[in-house]
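To start, the structure itself, in structure tokens.
Numbering (this note's numbering), first residue to last: 82 to 671.
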């Protein structure tokens with residue numbers, strides 16, 4: 082089964098080295114990852130059909146105007162009322178057909194635009210889920226959430242309204258000119274003279290509108306990211322008495338966003354003013370010509386010498402309709418600027434960056450479940466993308482099946498990075514990693530991760546019940562396994578106290594030790610796992626809690642290979658072997 086958006090989201094959040102603890106394999110039963118929007122020929126065709134329906138509906142005004150002009154001319158000429166009734170009936174029928182086609186086109190355009198937006202969002206989410214936790218270019222979570230949920234909505238009116246309106250603004254004026262020209266070349270010339278000035282000035286204004294919209298979206302995303310980060314660290318902010326400083330920064334960001342929003346609105350109003358000015362001048366010039374033509378002051382401009390009443394009225398009815406698509410285009414011009422800026426922001430999120438290993442389909446199982454898992458690291462070097470400085474340099478490590486190995490070293494020596502590379506959370510340029518006698522690569526990482534358990538420094542607790550946080554939606558984790566995992570992690574009293582009540586996001590309501598025990602319970606609930614990777618499991622804990630976490634970790638790792646990155650000498654002393662990353666290596670990684 083291939084990777085899915087939901088599975089990759091779960092994998093990205095659950096195996097992050099900054100604290101999640103769960104089996105390192107994607108979840109099942111998710112939706113397939115969508116192909117590119119440009120490849121969706123059916124969706125693109127449906128959107129074109131929606132545009133064409135709206136164009137046909139707008140074109141139907143031309144025969145409507147003709148019937149109305151003929152009816153008025155017949156009435157003034159004293160024609161029989163029966164002839165006028167048939168003309169009026171034709172007006173009603175065409176009007177109903179026009180309204181139906183326009184409504185159908187708008188509804189189809191909205192539905193297809195909503196589908197396209199959902200696919201674009203899924204592509205961005207999938208790309209984010211596939212990005213390695215070691216990718217230093219990953220966007221902030223607040224910025225990503227703002228782009229995907231809030232800013233991406235600007236794409237909907239861009240696809241559903243701007244594109245159909247742009248097509249109407251291209252075709253309808255030409256059709257109206259073709260309808261007017263056989264009666265009066267001068268009226269057609271006046272309209273043709275006024276029309277190009279509108280898109281010319283709107284294009285000039287549009288360049289500024291797009292730039293202003295991009296700046297507004299960047300400012301909005303930065304403010305959302307700042308707010309989310311500060312909300313997460315509210316306890317620390319209060320501890321350091323930095324609430325007022327944070328509030329001032331947030332207020333300054335809000336004022337900056339307000340200024341950028343007003344700049345976008347000023348440009349939008351300017352584009353509307355330009356359109357209305359030239360549209361009013363064009364219609365007025367046509368009306369003046371028709372009036373003076375009937376008075377005999379301007380007898381030229383008509384092919385037949387003089388215009389009849391029906392012909393002049395037909396031209397006057399079509400003159401405002403000539404500018405109507407351009408007026409609609411002006412109204413949605415801001416949708417274009419905001420939509421293209423949102424598309425660019427969403428596309429930037431969809432840039433895969435540094436991806437996890439093993440996101441391709443791999444069939445079968447590479448690991449013999451009857452044997453333990455060995456780990457061998459040979460001449461491994463690693464540096465972050467865009468940075469030539471090596472975090473790890475020529476590292477060798479070996480762990481035999483069932484062996485417990487501690488990795489010691491100062492901060493910055495690359496202990497957590499080494500564990501993440503063993504888990505296949507990022508590709509490495511030099512060296513080789515072998516797990517269970519199989520080289521860790523793009524084609525093997527997914528299957529090898531299925532045999533691993535990750536326990537991070539700061540386990541993330543989701544909003545939900547205690548049991549949901551242990552099972553994490555894994556179908557093989559039944560109630561009996563969950564209860565056994567609670568017992569192993571010494572969390573029965575917490576389960577009794579909370580029952581089915583919800584735990585807050587981030588573990589609100591649990592102590593630090595209880596959160597770590599919950600991480601152990603997650604690991605214990607997994608099945609068929611032979612390799613446990615633990616990153617600083619006892620950091621920042623008191624002696625008694627650290628001892629309890631250590632005992633639980635050893636119980637979970639019974640019969641499994643255990644590799645622990647730690648500063649804790651007590652924990653390291655209880656391991657079978659200690660590997661030290663030297664300060665020299667840390668200096669080389671700096």
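Glycine included, every Cβ here is placed at the ideal spot set by N, Cα and C. Predicted, not measured: the structure shown is a model, and the values here were computed from it.
Item, Value
"For the region 499–536, which segments carrying the alpha helix (DSSP H) assignment without a break, of at least 4 residues, lie completely within its bounds, in sequence order?", "526–530"
"Excluding the 5 residues flanking residue 262 on each side, which residues of the same chain have their C-beta closer than 8 Å to its C-beta?", "269"
"Suppose the cutoff is 8 Å on Cβ atoms and the five residues either side in sequence are ignored; what does the same chain contact list for residue 153 look like?", "390, 391, 394"
"What are the uninterrupted segments assigned as alpha helix (DSSP H) that are 4 or more residues long and contained completely in the region 143–216, given in chain order?", "162–211"
"Taking the alpha carbon of residue 338 as the reference point, which residue from 300, 321, 306, 359 has its own alpha carbon closest?", "300"
"Have a look at residue 251 and residue 206 and give me their C-alpha separation to the nearest angstrom.", "36 Å"
"Suppose contacts are defined by Cβ-Cβ distances below 8 Å. Is residue 570 in contact with residue 599 by that definition?", "yes"
"Excluding the 5 residues flanking residue 51 on each side, which residues of the same chain have their C-beta closer than 7 Å to its C-beta?", "Residue 51 lies beyond the residue range present for the chain, which begins at 82 and ends at 671; the question has no answer from this structure."
"Of all the alpha helix (DSSP H) runs that stay within the bounds of the region 600–644, which reach a length of 4 or more residues?", "624–637"
"Does DSSP put residue 132 in a helix, a strand or coil?", "helix"
"Label residue 593 either buried or exposed according to how many other C-beta atoms from any shown protein chain fall within 10 Å of its C-beta, with 16 as the threshold for buried.", "exposed"
"In angstroms, rounded to a whole number, what distance separates the CA positions of residue 310 and residue 652?", "33 Å"
"With H, G and I counted as helix, E and B as strand and the rest as coil, what does DSSP make of residue 465?", "coil"
"Distance check for residue 211 and residue 113, CA to CA, integer angstroms please.", "Note that residue 113 scores 32 on pLDDT, short of 50, meaning its location in the model is unreliable and no value can be drawn from it."
"What does the alpha-carbon distance come out to for the pair residue 158 and residue 240?", "48 Å"
"Could you tell me the distance, in whole angstroms, from the CA atom of residue 512 to the CA atom of residue 463?", "9 Å"
"Between residue 551 and residue 563, how many whole angstroms is the CB-CB distance? I'm expecting something under 8 Å.", "5 Å"
"Quick check on the DSSP output: the beta strand (DSSP E) that includes residue 658 runs from which residue to which?", "658–661"
"What did DSSP end up calling residue 485 once you bin it into helix, strand or coil?", "strand"
"Pull up the DSSP beta-bridge partners for residue 672, would you.", "In this structure the chain extends from 82 to 671, so residue 672 is not present and cannot be described."
"If you draw a straight line from the C-alpha of residue 656 to the C-alpha of residue 235, how long is it?", "55 Å"
"Within 10 angstroms of the Cβ of residue 343, are there 16 or more other Cβ atoms? Answer buried if so, exposed if not.", "exposed"
"Can you tell me the Cβ-Cβ gap for residue 183 and residue 138, rounded? I've got them flagged as a contact below 8 Å.", "4 Å"
"Short of 8 Å in beta carbon distance, which residues of its chain neighbour residue 376, apart from the five on each side in sequence? Order them along the chain.", "none"
"Can you give me the C-alpha to C-alpha distance between residue 257 and residue 403, rounded to a whole angstrom?", "6 Å"
"Could you tell me which of 424, 267, 172 sits nearest to residue 194, measuring between CA atoms?", "424"
"Considering only residues of the same chain and omitting the five flanking positions on each side of residue 661, which have a CB-CB separation below 7 Å?", "489, 490"
"Using a 10 Å radius around the Cβ and a threshold of 16 neighbouring Cβ atoms, would you call residue 135 buried or exposed?", "buried"
"Taking all protein chains shown into account, do 16 or more other C-beta atoms lie within 10 angstroms of the C-beta of residue 123, making it buried, or fewer, making it exposed?", "Since pLDDT at residue 123 reaches only 48, below the 50 mark, its modelled position is unreliable, and no value is offered."
"Using a 10 Å radius around the Cβ and a threshold of 16 neighbouring Cβ atoms, would you call residue 223 buried or exposed?", "buried"
"What's the gap between the Cα of residue 237 and the Cα of residue 216?", "31 Å"
"Going by the DSSP bridge assignment, what does residue 458 pair with across the sheet?", "478, 514"
"Only counting the same chain, and skipping five residues up and downstream in sequence, which positions put a Cβ closer than 6 Å to that of residue 383?", "265"
"From the DSSP output, in three-state form, read off residue 227 for me.", "helix"
"Do residue 612 and residue 500 have their C-beta atoms within less than 8 Å of each other?", "no"
"Please classify residue 146 as buried or exposed, where buried requires at least 16 other C-beta atoms within 10 Å of its C-beta.", "buried"
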